[in-house]
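Residue numbers (full-length UniProt numbering): 1 to 347.
For each residue, glycine too, the CB sits at the ideal point set by N, CA and C.
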Amino acid sequence: MKKRFSILGITVLCAVSIGLNVMDSSAQSPSRFNDILQHWAESSILAAVQKKYVDGYEDGTFKPDTPISRAEFIKMVALATGEKVNKVNGDGWFQPYVDRLKEQGIIPDEFPERYNEPLQRYEMSILSVRSVDKTLKGSMVDSTRMGLIHGVSRTDLDVYGTSSRAQAITVIERILAAKNGEKLQVDKYAASAAEIAETGSNVGTMLGLKAREVGTEWPYGTGVTVKLNQLIIADPSDPDDPYMNLIKMSTFDNELDKTENVVVLANFTVKVEVAGVNNGELHPYQLLTLLDQTDQMLLAEQQLKRWIRFDEPQIQTGFVAFSRLRSSTINGFTFDILGKKVPMATM
């Protein structure tokens with residue numbers, strides 16, 4: 001994904017390398033920007049220029065859709081949050097802003113130092129979160145839960161993608177609102193995707209619980225193991241829930257109240273080694289099952305094979321899915337894993 005730094009990204013590098021300070025308040029009057037009329041962020045851009053934390057180019061443009069560089073965003077953060085910095089001219093114009101945010105603990109030691117390159121979204125997450133709360137690492141889980149970063153789709157965070165100068169203004173405004181104590185709107189799909197990427201589960205976002213056992217592997221006789229890869233909660237009452245797309249709705253009990261139930265999807269890998277051949281079989285819906293379920297259902301895709309015969313060495317990976325009353329998940333839920341009760345999510 002890092003190859004997405006297109007010609008637009010090179011434009012930013014060129015602009016910086018020839019000494020165009022894109023945030024010099026004397027660069028261009030906001031009323032004279034010739035490339036923001038009817039742009040979706042026109043009003044936000046003009047407001048940001050009035051606040052003096054961003055400006056346009058000397059050629060009369062703002063370049064709202066150009067990827068923002070690390071240097072530009074760092075300077076925007078510093079100016080927007082009121083940091084006092086002594087300006088310098090030349091190629092290193094950004095260094096005082098970098099130094100100041102490092103002193104403030106906003107830029108961590110491991111942050112990339114190629115400041116003229118396009119800022120990646122996970123880096124924007126770090127700077128945004130730590131501008132509000134320096135005790136946090138600034139992970140995508142942190143930023144999405146705080147409402148600072150939203151997804152590019154219901155399932156895609158585009159962690160290594162870039163953001164435009166206009167999009168950067170949106171994030172700066174969220175930073176300022178959060179620092180002012182305002183509660184930001186959270187993109188629950190982004191928060192869910194971030195949690196799954198980091199922990200293998202979204203039970204925190206969806207139910208306020210903590211996932212257990214993700215990554216755990218259980219033996220099943222000789223030469224056979226079962227491993228839990230993911231534990232995902234889907235909301236059948238939400239027509240936009242991306243994980244409900246996995247469910248084969250013809251197997252969903254229409255008599256179930258979708259607002260009162262949640263769907264629990266567990267992704268397992270069953271591995272049969274040579275030593276396990278001819279040592280039995282496994283029926284996932286019988287031996288990898290949710291307790292106190294209201295129903296079980298099949299998947300339209302990524303279904304774990306319903307009958308796994310140990311007739312040859314093999315690896316089978318996929319989901320099993322169950323429904324359960326939302327009210328009964330308040331304190332967590334438990335699976336029966338190969339005949340043993342295993343708490344999968346707890347308070």
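Rounded to the nearest whole angstrom, the CA to CA distance from Gly105 to Lys134 is 6 Å.
DSSP places Ala177 within a helical segment (H, G or I) once states are collapsed to three. With a beta-carbon spacing of about 15 Å, Arg121 and Gly147 fall beyond the 8 Å limit used to define contacts.
Its chain contains Met146, Gly147, Leu148, Arg174, Ala177 and Ala178 as the residues whose beta carbon lies nearer than 8 Å to that of Leu184, once the 5 sequence neighbours on both sides are disregarded; these appear in chain order. Cα atoms of Gln286 and Lys188: separation of roughly 32 Å, rounded to the nearest angstrom.
Going by beta carbons, Phe94 and Lys63 fall outside the 8 Å limit. Under the three-pair Cβ rule at 8 Å, the region 211-223 does not count as touching the region 153-166.
Between Pro236 and Val263, the gap from beta carbon to beta carbon is short of 8 Å. Using a Cβ-Cβ distance cut-off of 8 Å, the region 198-205 and the region 109-118 are not in contact, since fewer than three pairs of beta carbons, one from each stretch, lie closer than that value. Listed as beta-bridge partners of Ala211 by DSSP are Ala345.
Contact annotation: Ser164 and Thr66 have beta-carbon atoms nearer than 8 Å. With respect to the C-alpha of Ala80, the residue from Ile107, Thr61, Ser131 and Asn34 having the closest C-alpha is Ser131. In the structure shown, the three-state DSSP call for Asp142 is helix. Residues Met297 and Leu298 of the same chain have their beta carbon placed closer than 7 Å to that of Thr251, with the five preceding and five following residues left out of the count. Apart from the 5 residues on each side of it in sequence, Glu260 sits with its Cβ closer than 8 Å to the Cβ of Leu325, Arg326 and Ser327 in its chain, given in chain order. Leu37 is not a Cβ neighbour of Phe73, given a cutoff of 8 Å. A direct Cα-Cα distance of roughly 13 Å separates Ala168 from Ile126. If you compare the alpha carbons of Leu207, Leu338 and Phe322 with that of Asp253, the shortest gap goes to Phe322. For Ser323, the enclosing beta strand (DSSP E) starts and ends at Gln314 to Leu325. Distance between Gly280 and Gly318, taken at the CA atoms: about 20 Å. Taking a 10 Å sphere around the C-beta of Asn331, we find fewer than 16 other C-beta atoms and assign the residue as exposed. Distance from the CA atom of Phe268 to the CA atom of Val224, rounded to whole angstroms, is 13 Å. If you look at Lys52, you'll find it isn't in any beta strand (DSSP E); DSSP assigns it neither H nor E.
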